[in-house]
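These protein sequence lines map, in sequence, to chains W, C, Y and A.
Residue 372 in my numbering is what sits at position 372 of the first sequence, and the numbering runs on without skipping anything.
Here my numbering runs 1000 ahead of the position in the second sequence, where the first position is 1.
Here my numbering runs 2000 ahead of the position in the third sequence, where the first position is 1.
Here my numbering runs 3000 ahead of the position in the fourth sequence, where the first position is 1.
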Amino acid sequence: MNSAAVLHHDNYLGAGATWRSWLVTLDHKRIGILYTITITLLFLIGGTAAALIRLDLLTPNSEVVSVETYNKLFTIHGVIMVWFFLIPSIPATLGNFLVPMMIGARDLAFPRLNLASWYLFVAGALFTIYALVAGGVDTGWTFYTPFSTVFSNSNVIAAVTGVFIAGFSSILTGLNFIVTTHQMRAPGMTWFRLPLFMWSMYATSLILVLATPVLAMTLFLMAIERAFHIGVFDAALGGDPLLFQHLFWFYSHPAVYIMIVPAMGVASEIIACFCRNRIFGYKFMAYSILAIASFGFVVWGHHMFVSGQSAYAGTVFSLLTFLVSVPSAVKVFNWTATLYKSRVRFDAPMLYALGFVGLFTIGGLTGLFLASLGLDVQLHDTYFVVAHFHYIMVGGSVMAFFGGLHFWWPKITGRMYPEGWARFSALLTFVGFNLTFFPQFIVGYLGMPRRYPNYPAEFQVWNVLSSAGASILAFGYALPLMYLMWSLRYGERAPANPWRAKGLEWQTSSPPPAENFEKTPVVTEEAYAYSDAEPAHG
Amino acid sequence: MASGVAMTAPQFDDAEQQRSSSNLGIWIFLATEVLFFGVLFAAYSITRVRFPDAFAAASRATSVTLAGINTAVLLTSSLTMALGVHAARQGARRALVGWLWLTVALGAAFLVIKAFEYRLDYVEHLIPTINFDHSRPQADQVELFFYMYFCITGVHALHVLIGIGCIAVIAAMAARGAFSPSYFTPVDVTGLYWHLVDIIWLFVFPMLYLVSRS
Amino acid sequence: MDHIPFFPERASTIASQIDGIYFMWVALSGAVALAIAVLVVYFSVKYHAGSKADRRVTADAAAQERRMHHIEIAWIVIPLVLFTGMFAWSAEVFYHGATVPPDALPVYVVGKQWMWHLEHPSGQREIGELHVPVGRPVELVMTSQDVIHSFSIPAFRVKQDVLPGRYTTLWFSATRPGEYHVFCTQYCGTSHSQMVGRVIAMEPAAYASWLSATAGTPTMAARGAVRFRQFGCSGCHGANATVRAPSLEGLFGKPVPLKDGRSMIADERFIRDSILLPNRDVPAGYEATMPSFRGQIGEEELLEIVEYVKSIGNVTQ
Amino acid sequence: MTDHIGESPRTYVMVWLTLLVLLLVTVASAYVPLGWANTPLNLVITVTQATLVMFFSMHLRSAHPLLKVIAAIGFFGIAILIVLSLLDVLTR
């Protein structure tokens, strides 16, 4: 395939370099890039807050910042990272870029809506950043009532307004992906020929569409209650603060799957490609993604085992939680089995993907600790929980996001990234991550509560280890930022299919033309039809 | 577009694909609307289960007559909307424009009646934080009922208002001949939205107004 | 720092049960994680792109498919069975922790930003400290004056959120004398991390002498009796009342038939709700005439009245 | 996916009349002392009305099954939310 030699102005990046050409673009690929830039900036804000938190936790007494500032820092960190980085991370960037390409379409079904999503996202982000910077918010990302409605003196309403607006961006993106998947598939692209990344985008979109409205309305009720001093969450009137938690977690538990399911999709693509093998148990993988997405809606009460929720409800939620963990386990087993009788290569995306599998496994297994009713009493609201969800969301999602970014970087930018640096930073991230978060499991079981700038001195050694790890992790994240930017200018020009990967996105030039394909592709084989006879790539 | 012929957007293969995509899109959007209101209904139901007597007493203080008339008005507007879509399919431009404006008028009538109802609530000191009468029995819980009542009916009224705006725009477009039997997706989609607003009200009515009337 | 802590002290009866689940999970998940790591490394080495490993698969596609299905079903069913077992075990321990033994010694707790206020039935009041005897179940009846807090004693492996407008309970039976951390584990605002305290578990004899050394204040029930008159409760519920209101003697812990046909147990929560929301659960044979005391009575006064009602409930038993 | 044909004006009018009759029935039933059964009865009538609107006015009757699933899924989600929350509230 010689389409790599296409002239610069023939690809989507060459379609104009003015601000205007980017800000009014309807091209899903460009919108994906707009998202990438936006969430990178937001990641830097959330990451700075995290760095300050880890710095402050070096000593048992909050010496770097005041406790008020500490409370605002972990709120900034949580709100930005959850709603303005993790949730849009893979779907809005790689998803936006790849969904139409993987199914052989020219664009998403509703390109204008797609651009509107980005503007809504930016508007929401600006609102929230305003709230977080102008005085700050000290409620934590969970906004629990009655603290958020009655007792906090911070910018709660502005912050939730931002989240509310960004919620619409999520909904519209999800809607767009669902319609696109149903309507725009190229001839021959049947459901069971879809790459697993598409399945993961489809499942994620379902969650985005079905869960986000609940969050939006819950935050709306909460803001009204704060503004008018009356509401159904207010115990002083006979209302029920636990009702807020039910409504909040009805969204926020599925939201975890919004963050991790796309990562599973990315990992599946990378592992299949670098094993040159079909994903083991493809159909089981597709079904398990759907199972995770749907069971994810009935387990929210496991965030509330010690909240004052009834023991019966807790029991039901615990059982359901164990059920949802089965499909996740199945996925890990299948990725492992894909390596069997394969031809593994360890390019940087594969290192990231294997790192993802390892960290996700630990995150998933420790989730089982938390799902166990009796044990959760000890673990709830301690650093064990903090470590667990960082293994899933940061270890899992961000690792896969970086893997995907490297994997599709040649396709997106037309340039190769520097392989050596990329492998090095994948390893650095893996080591730094484990050093940061593994000690938190131990200090969590010891009983150290989350959201504590002051803590008993005997916990210090674990916190020092964790902060040390965080500094390594920071390098692991900063390096790709630098060499990927470098590669935009100095990187080797990428061929159309540097990995000799299957998948429609690799059948067009790098970067692709504005309309993605010169002519609509016709699909004749299953996903990952890597054939054994192919010679190993030199 | 004035010719009433569909412009197929470049990402679609043909008009049919575009039309079914819009249709699928609007139905997904409607599902999110159901979930939006569903949260309000959930909050209402759970609070009501905890204070059945207070909610029953509070519900008896609402105006079932005005709300009942309003239900009929909204059901009728749903009929006119359906007939409008039918006219669009037939290519009957005058009928389409007529039905759409009639729908707008009925929607406006709904809001006017709603306003009278709110005025009545004001007179009877039922508006939380503004003039709520705290001397009645179980006042706090009755106030919670009215808090939910204003949240639900308020958000619903906002949807009616948005619906009226959309239908008015569609009516103006229709008058200019923007639609034809082969292209009337905007009419169809607006109609679906309007019917959903109607359906939401069908739930609001018994849940807020008919509690323990016997 | 003299040593690096790996594991929390274990100082209550339930602690070892919870640790049991913990160690089982550590073993199981350690084994699974190790197995996956070993397999990944082994496959990576053996099937490295350049290696000459045998990669032939059976030509019989159907047999291949069947085999794969069996594998998939195996690794769906085995975790499922395992999880169900672990679920049952941990639920059993949870229910044990949620069921307060009848002979438990009550202590009343009010959380407020940012301190714990504790009151013993015998009258002692403590702030941020809780003296308890070893070898006897202690029940904490807890409520919050403002936001949600959570009462956590890691060495006892107990934790329970403390809610405004409602009583929640937790219980423990200390096994080793000593001082243990109390943390507020539900984020409650600025000084959340300073809402800490300690439990002092004492040998029964030491506890008895602590009790007598700190005696002298009236008991909670006695203070509650004063409140009972002060708030005018005795005017209707007292012995000489002329208004038709239920007598509270011998009430506590008994089932109360309600006007609407339901029945409730007269526990702490019921007494509290009857004072603050008197028209919600009206006892059979009475009219809903009692005024609500919401907003007029503090959480600590309320607890004293509850303890008073409790004390006259036990008198006639 | 969308090969709905729509209904005849006559059908719309019939549906409208049925809806109005059901409205009268639900209001009337609310004034009959049925105890706990009042609310469920009202809800059953409402669901019937909503189904009529969706099937006829919104053309779901002749629509692709996918649209039927999507139409139901929002209600289903809310049912889960209410039922599992009530499971807690009613057993506390």
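Cβ atoms here follow ideal geometry from the backbone N, Cα and C, with glycine treated the same way.
Predicted, not measured: the structure shown is a model, and the values here were computed from it.
As assigned by DSSP and simplified to three states, the class of residue i
i	result
residue 2137 of chain Y	strand
residue 141 of chain W	coil
residue 150 of chain W	helix
residue 2279 of chain Y	coil
residue 480 of chain W	helix
residue 3 of chain W	Confidence at residue 3 of chain W is low in this model, with a pLDDT of 41, below 50, so the placement of that residue is unreliable and no value is reported for it.
residue 88 of chain W	helix
residue 96 of chain W	helix
residue 2186 of chain Y	coil
residue 1072 of chain C	helix
residue 1096 of chain C	helix
residue 2287 of chain Y	coil
residue 66 of chain W	coil
residue 1007 of chain C	coil
residue 213 of chain W	helix
residue 3061 of chain A	helix
residue 2116 of chain Y	strand
residue 2131 of chain Y	strand
residue 493 of chain W	strand
residue 1002 of chain C	Confidence is the limiting factor: at residue 1002 of chain C the pLDDT is only 40, short of 50, which leaves the residue's position unreliable and the question unanswerable from this model.
residue 1035 of chain C	helix
Identified DSSP bridge partners for residue i
i	result
residue 1180 of chain C	C/1183
residue 485 of chain W	None; residue 485 of chain W has no bridge partner.
residue 2048 of chain Y	W/344
residue 2012 of chain Y	Y/2174
residue 2160 of chain Y	Y/2151
residue 2181 of chain Y	Y/2198
residue 2215 of chain Y	Y/2217
Start and end residues, alpha helix (DSSP H) containing residue i
i	result
residue 945 of chain C	Given a span of 1001 to 1214 for chain C in the structure shown, any question on residue 945 of chain C remains unanswerable.
residue 3073 of chain A	3065 to 3091
residue 29 of chain W	28 to 56
residue 3040 of chain A	3038 to 3052
Listed by chain order, chain W residues near residue i by CB distance under 7 Å
i	result
residue 1032 of chain C	171, 209, 213
residue 2112 of chain Y	The premise fails here: residue 2112 of chain Y is roughly 11 Å from chain W at the closest Cβ pair, so nothing lies under 7 Å.
Neighbouring residues, chain Y, relative to residue i (Cβ below 8 Å)
i	result
residue 361 of chain W	2032, 2033, 2036
N-terminal and C-terminal residue of the beta strand (DSSP E) that residue i is part of
i	result
residue 409 of chain W	Looking at the DSSP string, residue 409 of chain W is not in any beta strand (DSSP E); the run it does join, the alpha helix (DSSP H), is 399 to 413.
residue 2264 of chain Y	2263 to 2265
residue 2121 of chain Y	Where residue 2121 of chain Y is concerned, there is no enclosing beta strand (DSSP E), given that its DSSP letter is neither H nor E.
residue 2257 of chain Y	2255 to 2257
Amino acids of chain A, ordered along the chain, whose beta-carbon sits closer than 8 Å to that of residue i
i	result
residue 1099 of chain C	Neighbours of residue 1099 of chain C on chain A: none; closest Cβ ~10 Å, over 8 Å.
residue 301 of chain W	3084, 3088
Per-residue contacts from residue i into chain C (C-beta, under 7 Å)
i	result
residue 3075 of chain A	1034
Under 7 Å from the C-beta of residue i: neighbouring residues of chain A
i	result
residue 1202 of chain C	3046, 3049, 3050
Under 9 Å from the C-beta of residue i: neighbouring residues of chain C
i	result
residue 3030 of chain A	1064, 1206, 1209, 1210, 1211, 1212, 1213, 1214
7 Å Cβ cut-off: residues of chain Y touching residue i
i	result
residue 341 of chain W	2047, 2055, 2057
Partners in chain W for residue i, counting only beta-carbon separations shorter than 8 Å
i	result
residue 3081 of chain A	214, 246, 247, 250
Partner residues on chain C for residue i, Cβ-Cβ distance less than 8 Å
i	result
residue 3021 of chain A	Neighbours of residue 3021 of chain A on chain C: none; closest Cβ ~11 Å, over 8 Å.
Which of the residues in the region 1102 to 1131 of chain C, read from start to end, lie with their CB under 7 Å from any CB of chain W?
-> 1128, 1129
Residues of the region 305 to 316 of chain W with Cβ closer than 9 Å to any Cβ of chain A, in chain order | 308, 309, 310, 311, 312, 313, 314, 316
If contact means a Cβ-Cβ distance below 8 Å, which residues of the region 166 to 198 of chain W contact chain A?
-> 182, 183
Give, in chain order, every residue of the region 1033 to 1066 of chain C whose Cβ lies closer than 9 Å to some Cβ of chain Y.
-> 1050, 1051, 1052, 1053, 1054
Positions along the region 1068 to 1091 of chain C whose CB lies within less than 8 Å of some CB in chain A = 1068, 1071, 1072, 1075, 1076, 1078, 1079, 1081, 1082, 1083, 1085, 1086, 1089
Members of the region 2226 to 2251 of chain Y near chain C, C-beta cut-off 8 Å | none
Residues, ordered as in the chain, of the region 2154 to 2175 of chain Y that lie near chain W by beta-carbon distance below 8 Å = 2154, 2155, 2157, 2158, 2159, 2160, 2161, 2163, 2164, 2165, 2166, 2168
Using a Cβ-Cβ cut-off of less than 9 Å, list which residues of the region 243 to 269 of chain W approach chain A; keep chain order.
-> 243, 246, 247, 250
Output, in sequence order along the chain, the residues in the region 284 to 299 of chain W whose CB is closer than 8 Å to any CB in chain A.
-> 297, 298
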